[in-house]
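S.K.: Just so you know, my numbering puts 100 at position 100 of the sequence shown, and the rest follows in order with no gaps. For every residue, glycine included, the Cβ atom is placed at its ideal position computed from N, Cα and C.
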Amino acid sequence: MNVLLINGPNLNLLGQREPGIYGRDTLAMIETELTREANADGVELVCFQSNFEGALIERIHQAMGESQGILINAGAYTHSSIGLRDALKGVAIPYVELHLSNTHSREPFRHHSYLADSAVGVVSGFGPKSYSLALSGLVHHLRQGG
Ligand code: CA2
1 MNVLLINGPN LNLLGQREPG IYGRDTLAMI ETELTREANA DGVELVCFQS NFEGALIERI
61 HQAMGESQGI LINAGAYTHS SIGLRDALKG VAIPYVELHL SNTHSREPFR HHSYLADSAV
121 GVVSGFGPKS YSLALSGLVH HLRQGG
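(1) Which residue marks the beginning of the alpha helix (DSSP H) containing glutamine 49, and which one marks its end?
(2) Per DSSP, what are the beta-bridge partners of tyrosine 95 in this structure?
(3) Which residue comes first and which comes last in the beta strand (DSSP E) that contains valine 122?
(4) Assuming proline 108 contacts leucine 142 (C-beta within less than 8 Å), just tell me the rounded distance between them.
(5) Tell me whether the beta-carbon of aspartate 41 lies closer than 8 Å to the beta-carbon of valine 120.
(6) May I ask you to list the residues that DSSP assigns as paired with valine 3?
(7) Quick check on this structure: which residue in His99, Arg17 and Ile70 has the alpha carbon closest to the alpha carbon of asparagine 2?
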């Protein structure tokens with residue numbers, strides 16, 4: 001089973017700024033740990049980060065025929081991007097939306113997601129552990145028959 005992990009804008013800054021909100025782990029640390037967990041469960045994990053909406057959309061298109069599931073932290077595009085929503089619906093690959101912070105305990109503009117209603121599930125608020133919880137939820141869903 002192949003799972004694609006997508007991280008959106010500014011998540012490349014993890015561990016370098018705003019540790020009070022997003023913690024001290026870098027994105028590379030999160031990706032390394034999640035890859036270890038995925039591999040231990042017989043899952044191949046492919047990681048991708050971009051600050052560009054079009055690049056994220058193109059990577060989602062590329063996942064067709066390659067990945068059985070997608071984990072996505074779309075960052076701020078979660079709250080703004082109909083293009084990302086259309087791409088995820090277009091490729092019809094099951095996905096889990098995830099966030100480090102609890103977006104519902106933050107500013108009102110973070111309370112709406114363009115991705116959540118078509119997701120298998122949403123994980124929000126557990127810091128780097130959100131990635132691990134999202135992976136196990138997605139893999140469980142896919143092994144049950146998708
Ligand atoms: O909590 C999350 O994972 C978010 O997706 C993070 C996004 C935010 O726009 C979403 O509402 C919730 C922001 C990512 C910015 O990451 C930074 C990391 C370190 C320093 C500055 C920004």
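M.R.: By the coordinates alone:
(1) From DSSP, glutamine 49 is part of no alpha helix (DSSP H) but of the beta strand (DSSP E) over 44-49.
(2) Ile70
(3) 121-124
(4) Their Cβ separation, rounded to whole angstroms, is 34 Å, which puts proline 108 and leucine 142 out of contact at 8 Å.
(5) no
(6) Leu45 and Gly69
(7) Ile70
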